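Undergrad:
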Amino acid sequence: MNRIASPRPDQQAAVADAQTGTGVQPPRWRRWMMPFGIVAVALIAVATWWVSASVNGDARTVPIATLDTPDFHSLLVDPANPDRILFGSHAGIQESTDGGFTWADGTLRDTDAMQLTVSPNAPETIYVTGHDVFQISHDGGQTWQPQVHDLPGTDIHGFAQDPGDPRRLYASVVGKGTVTSGDGGATWQSLPDQPPGSGVLAAGLGVLYSGSGPDLMASDDGGRTWQTRSILSSGQVISLAVSSSEPQTIYAGTPNGIARSTDAGATWTPLGPDGVPVLAVAVSPTDSAQVLIVSNEGAVYRTDDGGETWRS
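Sequential numbering from 17 applies to the sequence shown in the working numbering.
1. On a Cα-Cα basis, can you pick out the residue from V299, S311, A315 that is closest to D321?
2. So what does DSSP say about Q210, is it helix, strand or coil?
3. Note down the Cα distance separating S235 from L224, rounded to an integer number of angstroms.
4. Exposed or buried, which one is T159 when buried takes at least 16 other CB atoms within 10 Å?
5. Compare the beta carbon distance of P136 and P301 with 7 Å and say whether it is the shorter of the two.
6. Please determine, among G291, A120, D178, A187, the residue with the shortest C-alpha to C-alpha distance to T203.
7. Assuming R276 is part of the beta strand (DSSP E), what are its boundary residues?
8. Can you tell me whether M233 is helix, strand or coil according to DSSP?
9. Please say whether A282 and S90 have beta carbons closer to each other than 7 Å?
10. Leaving out the 5 sequence neighbours to the left and right, which residues in its chain are closer than 7 Å to T170 when beta-carbon positions are compared?
11. Along the chain, which unbroken stretches of the beta strand (DSSP E) at least 3 residues long are found entirely within the region 131 to 184?
12. Do A81 and F117 have their C-beta atoms within less than 7 Å of each other?
13. Within 6 Å: the Cβ of R245 and any heavy atom of the ligand FAD?
14. Could you give the first and the last residue of the continuous beta strand (DSSP E) run that contains P286?
15. Please go through the same chain and pick out, in chain order, the residues whose beta-carbon is closer than 7 Å to the beta-carbon of H173, but skip the five residues on each side of it.
16. In angstroms with no decimal places, state the Cα-to-Cα distance between V292 and N272.
17. Relative to the C-alpha of S112, which candidate in W326, L308, N312, D303 has its C-alpha closest?
18. Using the DSSP secondary-structure output, state which residues sit across from L256 in a beta bridge.
19. Tell me the DSSP secondary structure of T302 in three-state form.
20. Shortest alpha-carbon distance to A280 belongs to which of I247, D84, I101?
21. So, helix, strand or coil for L102, using DSSP?
22. For my contact list, S304 and S261 are in at a C-beta cut-off of 8 Å; report their separation, rounded to the angstrom.
23. Tell me which same chain residues have a C-beta within less than 7 Å of the C-beta of D155, skipping the five on either side of it?
24. Per DSSP, what kind of secondary structure is T113 in: helix, strand or coil?
25. V164: buried (16+ other C-beta within 10 angstroms of its C-beta) or exposed?
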């Protein structure tokens, strides 16, 4: 079991000048503090709760936890229990059962878990993909088995599941392009029109999204054709998450915090935390305003009001 380190002093103050994007002023940060201890079996972390704001120009926010892993890739909120969150890295899966405040080793270790995917319509079925990894769990992540498939390769950097059809999957395979499956991952076909970019994929109802630099690409026909939906002023699209409860709401991780769209990616509002590169983002399947992110240093941030304030 890994012990999660307390936030380092250099992580406790992410200070950045206020910036504007897409003509919208980022949220102001209000700061207050309430001591609160969190204790779990064999895992002890002490946290201080903050709601962050800009006070006299001093913008800062503090993470709720810091993950002790060599890299930071994916987050997943359990549709059956929003307090249960899975985090994936090259070291495997870590799990939180208290909304992201404390973490322990999950059931899949020493396995590259770059992408974690679940459908709210089939919460017991979870997919994990990564470098030469394609595994599936049929019991909510308690046990895992290799997925039988005919993929052209298993170095999978992007993975998405259609929320309206849990058996419809999309995978970005290094050197092979983006492919799709209609039978839960057993057989795959190449998309006729390949999306450009880094392989960042996310799926909403009837639409597939892909990140290409600062561009958000979208396909309304199952990946057969692609169009540029918008350009994010905050920089490269590093990660994406679509709300299953409000499919028009999308969160994008960027080099400067996250941005939110409430019109299927046409326009964006920057939310912060300012100056924090966001490598992974997840949104609660039951509440589109509850979002968790992980930074490039493993800092976990959480907002319960769509980015207006951040808990820690």
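For every residue, glycine included, the Cβ atom is placed at its ideal position computed from N, Cα and C.
No experiment lies behind these values; they were computed from the predicted model shown.
TA: With the given structure in hand:
1. V299
2. coil
3. 5 Å
4. exposed
5. Here P136 is near P301, since their CB atoms are less than 7 Å apart.
6. A187
7. 273 to 277
8. Here M233 sits in strand by DSSP.
9. Contact: no.
10. D148, V149, F150
11. 131 to 135, 138 to 146, 149 to 153, 172 to 177
12. yes
13. Among the components of this structure there are no ligands whatsoever, and the ligand FAD is therefore not found.
14. Its beta strand (DSSP E) spans residues 285 to 288.
15. M130, S188, V190, G215
16. 5 Å
17. L308
18. A268
19. coil
20. I247
21. When DSSP states are grouped into helix, strand and coil, L102 belongs to the strand group.
22. 5 Å
23. Same-chain partners within the cutoff: E140.
24. coil
25. exposed
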